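Notes for the one structure printed next.
Numbering (my numbering), first residue to last: 637 to 836.
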C-alpha cells in the first residue's frame, strides 16, 4: 500500500521508463498503485497529485492545441496545458533547450480512489500546420512524466464501517496489512456450508 504519512514519488512505484512515450500520440502512460481500502478524506479537498511533465520545445509544436490529459481508473480529472515555457524554466535552460519541463497540481476526488488504482496520462501533441508538402516533423518525438512527481495521501484518514466483505475480498482488509494477502491465514469451520465456501 502507498504510504499515507508523506508524499510518494512516482519513481518509487514504477520504473522511470514506464512513464516515457514516443510520438505525437504515444498512447496511455500508466502508473498502478494500491492503497488501503478504508481511506477517508474530510470535506472536498481531494488528494493532491503534483505532476511534473516533459515534452518537446520545437517550433513545429502547436502549443495552444496540444495537451496532457490526466485520469484515474478511467475517470477524467483534468487537461494540463502545454506551453512554450515551463514553470520549471531554469531546468530547461540548464539541461536542454529542446524540451519543456512543466508542473501542475491536480486534485483527485476521494471517491475515485479504490484499493487498486491506475493513474493514466495521455499526451495529445499537435503539429503546426504549414502546408500540404511543407510540414516537417522530427522522427524522435519523446515525452514523459517525471519520476519526481508525487501523490500525497498524508491528509487522509483511515475510517470505514465494518463488516465489509468487498474490502476483505479485494485486499484482505481488515485481516491483513499486506495488499497481496501474504502472511494471511484463512480459518474455516470443520463443517463447511455453501455460504462459507461462497464467502471464501
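Beta carbons: idealized from backbone N, C-alpha and C, even for Gly.
Just so you know, these numbers come straight off a predicted model, no measurement behind them.
Helix, strand or coil at residue i [DSSP, three-state]
i           : result
residue 647 : helix
residue 838 : Any question about residue 838 goes unanswered here, given that the chain covers just 637 to 836.
residue 653 : helix
residue 748 : helix
From the options, residue whose alpha carbon lies closest to that of residue i
i           : options               : result
residue 699 : 797, 738 and 751      : 738
residue 658 : 718, 680, 684 and 760 : 760
residue 704 : 780, 810 and 758      : 758
Spatial neighbours of residue i in its chain, beta-carbon cut-off 8 Å, leaving aside the 5 residues before and after
i           : result
residue 773 : 660, 696 and 763
Beta-carbon proximity list for residue i, same chain, < 6 Å, skipping 5 on both sides
i           : result
residue 808 : 817 and 820
residue 708 : 744, 748 and 755
residue 720 : 699
residue 741 : 684 and 686
residue 712 : none
Given 8 Å, three or more beta-carbon pairs between the region 739-755 and the region 672-689: The region 739-755 is in contact with the region 672-689.
Sufficient close CB pairs (3 or more, under 8 Å) joining the region 818-826 to the region 685-692: No: the two stretches stay apart, fewer than three of their Cβ pairs being nearer than 8 Å.
Runs of alpha helix (DSSP H) lying entirely within the region 769-821, each at least 4 residues, in chain order: Within the region 769-821, the complete alpha helix (DSSP H) runs of at least 4 residues are 801-807.
Cβ contact (3+ pairs, closer than 8 Å) linking the region 639-647 and the region 775-795: Touching, per the Cβ criterion.
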